[in-house]
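Trainee: Numbering (our numbering), first residue to last: 58 to 524.
Think of the CB as a built atom: it goes at the ideal place given N, C-alpha and C, for glycine as much as any other residue.
Sharing a structure below in structure tokens format, with a few things to ask.
Shown next, in the form of structure tokens:
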């Protein structure tokens with residue numbers, strides 16, 4: 058018999074069906090044994106009646122056993138209907154249970170909400186944690202969100218293009234994770250903090266509208282909404298101004314969020330300059346919802362724009378506030394080229410904030426080599442150092458580069474808003490612990506002597522401190 062997914066059983070009332078999945082609950086009432094079975098589409102109750110051929114295997118089956126169950130789909134009596142549950146109006150009269158694989162007792166309860174379980178234990182057994190209803194819902198919602206974004210962008214003539222994970226170390230705001238090269242001893246790749254330079258080069262290449270569901274990897278301090286790895290919806294467009302990018306992304310977020318049943322507080326999204334946001338909220342990411350709106354999961358989007366381009370370093374020099382590849386606002390281009398009133402120069406950076414989180418950010422990019430050179434000069438780079446850092450970009454800009462801009466939306470940040478979760482780990486399949494340890498697997502850990510020798514690396518650890 059062909060398998061029927063549990064979510065489709067209501068189409069087979071009065072008919073035999075074969076389901077495959079896990080035992081969620083087992084209730085032995087002596088003469089009858091009740092089960093709740095689940096697969097990726099839902100849950101259904103099943104019952105083994107007295108003298109059934111399935112009674113022997115039913116007595117053996119336990120929670121989290123993997124089973125194949127054959128039975129007849131019956132309509133439940135009106136008094137037993139559970140209207141608030143999927144398949145609450147049907148029941149499987151079990152005729153056969155095949156135990157496919159047994160399971161030991163899990164280290165924590167899977168059928169409930171696992172958020173209160175110790176984080177280290179949850180991540181050690183993440184594959185079990187992911188079986189819980191809430192985590193299944195969150196991860197499936199993540200997939201739905203990404204798919205709806207893809208559908209929107211394809212309708213807008215975007216092309217999905219992957220960019221390299223092994224790339225060059227460049228200054229983009231955070232520390233790089235680096236990868237040693239076996240073929241080039243003493244040299245290193247960097248894992249991308251973002252596809253920033255590649256997506257600009259794709260605009261030079263004439264693709265005009267690019268997007269990617271991109272992995273971004275940054276060695277930065279960990280917190281509830283930030284990890285070493287995240288996924289972003291990376292977007293870049295040619296022949297656009299700031300308004301074009303913002304209106305496209307706003308339309309996408311509205312379509313996606315509302316198609317997922319969410320309510321948006323205000324449309325079009327309100328806009329604040331950086332100065333206005335700081336004056337009104339004291340921060341450039343803020344929550345505009347009332348207490349009632351927070352409770353009901355309303356999404357309060359807003360734009361923040363006209364950020365300062367530069368900020369002072371601890372040493373008294375200048376560095377960028379967002380990234381060095383942005384254009385200043387048109388009226389400040391001359392100031393930047395002349396390197397005058399540096400602290401007053403504003404950039405075309407725009408951030409999208411939602412419910413207290415920065416959900417994404419972008420800018421109109423510099424496509425003029427003179428502007429990019431001036432940015433690096435302001436930051437204290439010599440001509441030679443600038444060439445070493447971004448010479449490939451300066452060279453590319455010589456060959457008919459269109460004006461372009463874009464934005465990156467953090468998938469995890471947006472999912473936290475969609476799910477009302479407060480921790481990034483609740484919307485990632487395999488997140489890291491607060492100490493930077495991987496879920497399930499044991500990393501980071503030392504390399505073997507053989508691996509270090511192949512890479513030409515010697516590890517010089519500082520001496521351990523003794524009390």
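(1) Among the candidates 370, 204, 137, whose CA atom is the shortest distance from the CA of residue 312?
(2) Helix, strand or coil for residue 545? Go by DSSP, reduced to three states.
(3) Can you tell me which of the three DSSP states residue 256 falls into?
(4) To the nearest angstrom, report how far apart residue 307 and residue 356 are at their CA atoms.
(5) Who are the near neighbours of residue 219 in its chain, counting only those whose CB is closer than 7 Å to its CB and skipping five residues on each side?
(6) Could you check whether the segment 348-363 touches the segment 325-332, counting it as contact only if at least three pairs of C-beta atoms, one from each stretch, sit closer than 8 Å?
(7) If you run the structure through DSSP and keep just helix, strand and coil, what is residue 519?
(8) Rounded to whole angstroms, what's the CA-CA distance from residue 137 to residue 131? Just pull it up for me.
(9) CB-CB under 6 Å to residue 320, same chain, minus the five flanking residues each way: which ones, in chain order?
(10) Identify whether residue 218 lies in helix, strand or coil by the three-state DSSP scheme.
(11) Ends of the alpha helix (DSSP H) at residue 427?
(12) Roughly how many whole angstroms lie between the Cα atoms of residue 305 and residue 344?
(13) Can you say whether residue 293 is buried or exposed, counting buried as having 16 or more other CB atoms within 10 angstroms of its CB?
(14) Between which two residues does the beta strand (DSSP E) carrying residue 80 extend?
(15) At the level of alpha carbons, what is the spacing between residue 484 and residue 109?
(16) Alpha carbon to alpha carbon, how far is residue 207 from residue 82? Give it in angstroms, no decimals.
(17) In the DSSP assignment, find the beta strand (DSSP E) that holds residue 154 and state where it starts and stops.
(18) Near residue 392, which residues of its chain fall below 7 Å by C-beta distance, leaving aside the five closest residues on each side in sequence?
(19) For residue 487, does the three-state DSSP call read helix, strand or coil?
(20) From this set, 62, 95, 112, 70, which residue's C-alpha is nearest residue 86's C-alpha?
(21) If you check the beta carbons only, do residue 195 and residue 472 fall under 9 Å apart?
(22) For residue 363, which of helix, strand or coil comes out of DSSP?
(23) Which two residues bound the contiguous beta strand (DSSP E) that contains residue 406?
(24) So, does the segment 178-193 touch the segment 250-265, judging by three or more C-beta pairs under 8 Å?
(25) Could you tell me which uninterrupted alpha helix (DSSP H) segments, each at least 4 residues in length, are contained entirely in the segment 159-208, listed from first to last along the chain?
(26) Go to residue 390, then tell me how far its alpha helix (DSSP H) extends in each direction, as first and last residue.
Mentor: So, from the listed chains and residues:
(1) In the chain shown, counting from the first residue as 1, residue 312 sits at position 255. Closest option to residue 312, Cα to Cα, is 204.
(2) Because the chain here runs from 58 to 524, residue 545 falls outside it and cannot be looked at.
(3) On the chain shown, residue 256 is found 199 positions in, with the first residue counted as 1. Residue state, collapsed to three classes: helix.
(4) As a working mapping, residue 307 is identified with position 250 in the chain shown. As a working mapping, residue 356 is identified with position 299 in the chain shown. Cα-Cα distance, rounded: 13 Å.
(5) By 1-based counting over the chain shown, the position of residue 219 is 162. Here the set comprises 269.
(6) yes
(7) For the purposes of this step, residue 519 is taken as residue 462 along the chain shown, with counting starting at 1. Here residue 519 sits in coil by DSSP.
(8) Counted from its first residue, the chain shown places residue 137 at position 80. Counted from its first residue, the chain shown places residue 131 at position 74. Distance between the alpha carbons of residue 137 and residue 131: 12 Å.
(9) Here the question's residue 320 lines up with position 263 in the chain shown. Cβ neighbours of residue 320 beyond the five flanking positions: 355.
(10) Locating residue 218 in the chain shown gives position 161, counting from the first residue. Residue state, collapsed to three classes: coil.
(11) As a working mapping, residue 427 is identified with position 370 in the chain shown. Element bounds for residue 427: 426-435.
(12) Locating residue 305 in the chain shown gives position 248, counting from the first residue. Locating residue 344 in the chain shown gives position 287, counting from the first residue. When rounded, the distance between both Cα atoms is 23 Å.
(13) Counting from 1 along the chain shown, the entry for residue 293 is found at position 236. The residue in question, residue 293, is buried, as its Cβ has 16 or more Cβ neighbours within 10 Å.
(14) Residue 80 sits at position 23 when you count from the first residue of the chain shown. Counting along the chain, the beta strand (DSSP E) containing residue 80 begins and ends at 73-85.
(15) Position 427 of the chain shown holds residue 484. Position 52 of the chain shown holds residue 109. Spanning the two alpha carbons is a distance of roughly 43 Å.
(16) Numbered from its first residue, the chain shown carries residue 82 at position 25. Numbered from its first residue, the chain shown carries residue 207 at position 150. Roughly 38 Å between the two C-alpha positions.
(17) The sequence position of residue 154 within the chain shown is 97, counting from 1. Note, residue 154: beta strand (DSSP E), 147-158.
(18) Stepping through the chain shown from its first residue, residue 392 is reached at position 335. Only 398, 402 meet the Cβ criterion.
(19) For this step, residue 487 is matched to residue 430 along the chain shown. The answer is coil: DSSP assigns residue 487 none of H, G, I, E or B.
(20) For this step, residue 86 is matched to residue 29 along the chain shown. Answer by Cα proximity: 112.
(21) Locating residue 195 in the chain shown gives position 138, where the first residue counts as 1. Locating residue 472 in the chain shown gives position 415, where the first residue counts as 1. Their beta carbons are under 9 Å apart, which means residue 195 touches residue 472 by this criterion.
(22) Working through the chain shown from its first residue, we reach residue 363 at position 306. Three-state result, residue 363: strand.
(23) Sequence index remark: in the chain shown, residue 406 carries index 349 (1-based). 403-411 is the span of the beta strand (DSSP E), which, as asked, contains residue 406.
(24) no
(25) 176-181, 183-186
(26) Here residue 390 refers to the residue found at position 333 when the chain shown is read from its first residue. Here the alpha helix (DSSP H) through residue 390 covers 390-395.
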